[in-house]
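The block underneath contains the structure these notes are about, expressed in structure tokens.
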Ligand code: NAP
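Residue numbers (the numbering used here): 236 to 501.
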């Protein structure tokens, strides 16, 4: 099959923060499952290139694209490079995110930390989605018969509703991502673009590496009905499901991938 045939047949996904952790698992799963994948990274080119190699070794197609989702010019470049290198854009997974730098108590929280977290975890996903949606709409206008519709996936967190006083910026930005998901879902339905929020619980990754001992104890003590750490691939499986044609009449939905954390218990 020629490269142009490959790109015209494969749906194309852009996965932000695809170099490590949850994003890596999402990129690899989508890549194995028939998406051409743009693996976005910020500071880890070697890790991103390794993901690209893994996808290629499994028979898929992927490219690494550098850029910070917090920076407007980078966001524009991410969409442009994805379309230049892979031919189109059908799926955007807004996965890239940072925890609260320093994890300071809210009485010591700084504006610098607030701005960095909001730029990366909330402003970035919204404005990247705006660019991606415009591209999807443009594609649909040019080739309506060949376009099954776009999908946007926002990776939020149980921190959207569970208070951590040492991560006020992170929790508040993740709470905002639910409203962003609903805003996008309502507006973009008329453009044949569905929007989902994936809400992970405690997942084993570099982000949670500094707090392993704390969560080991909490999980053993029953923090979650399913008593284990979540794995990046648990989240990737949920993303794969909403990106498939399994939910054609659903949008704005929050999918919890949290071992049951979200249920109040007595
Ligand atoms: P991680 O292991 O720390 O990986 C973070 C990823 O985001 C890396 O690929 C990193 O890229 C990328 N990234 C960071 N800042 C970026 C920026 N400005 N622009 C583009 N990419 C950037 O984190 P993770 O645990 O996989 O978390 C992924 C997502 O899941 C985040 O949105 C996080 O809030 C959410 N989440 C995580 C957990 C958890 O328990 N781990 C729970 C709930 C939700 P580089 O390495 O290339 O810089």
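Using N, Cα and C, we set each Cβ at its ideal position, and we do this for glycine too.
Check whether residue i and residue j have beta carbons under 8 Å apart
{"i": "residue 310", "j": "residue 256", "result": "no"}
{"i": "residue 356", "j": "residue 313", "result": "no"}
{"i": "residue 471", "j": "residue 261", "result": "yes"}
Contact test: residue i Cβ vs ligand 1 heavy atom, cutoff 7 Å
{"i": "residue 367", "result": "no"}
{"i": "residue 255", "result": "yes"}
{"i": "residue 392", "result": "yes"}
{"i": "residue 467", "result": "yes"}
{"i": "residue 361", "result": "no"}
{"i": "residue 276", "result": "yes"}
{"i": "residue 355", "result": "yes"}
{"i": "residue 414", "result": "no"}
{"i": "residue 441", "result": "yes"}
Anticipated Cβ contact below 8 Å, residue i with residue j, distance rounded
{"i": "residue 387", "j": "residue 428", "result": "6 Å"}
{"i": "residue 459", "j": "residue 493", "result": "7 Å"}
Same chain, Cβ closer than 7 Å to residue i, neighbours up to 5 away in sequence not counted
{"i": "residue 342", "result": "none"}
{"i": "residue 242", "result": "Residue placement at residue 242 is flagged as unreliable, the pLDDT there being 47, under the threshold of 50; a coordinate-derived value is accordingly withheld."}
{"i": "residue 258", "result": "250, 251, 252, 330 and 331"}
{"i": "residue 409", "result": "356, 391, 392, 394 and 395"}
{"i": "residue 502", "result": "Here the chain covers residues 236 to 501 and nothing more, so residue 502 does not appear."}
{"i": "residue 318", "result": "324 and 370"}
Contact test: residue i Cβ vs ligand 3 heavy atom, cutoff 7 Å
{"i": "residue 437", "result": "As presented, the structure is devoid of ligand 3, carrying ligand 1 as its sole ligands."}
Residues near residue i by beta carbon distance below 6 Å, same chain, minus five either side
{"i": "residue 305", "result": "354, 355 and 359"}
{"i": "residue 325", "result": "246, 247 and 385"}
{"i": "residue 415", "result": "361"}
Contacts around residue i, its chain only, beta-carbon distance under 8 Å, and the 5 residues preceding and following it disregarded
{"i": "residue 413", "result": "391, 395, 432 and 489"}
{"i": "residue 362", "result": "307 and 310"}
Item checked: contact_flag[the segment 293-302, the segment 264-281] where n(CB pairs < 8 Å) is 3 or more -> yes
Check: Using 8 Å as the threshold, is the segment 443-450 in touch with the segment 417-431, meaning 3 or more CB pairs across them?
Finding: No: fewer than three Cβ pairs fall under 8 Å.
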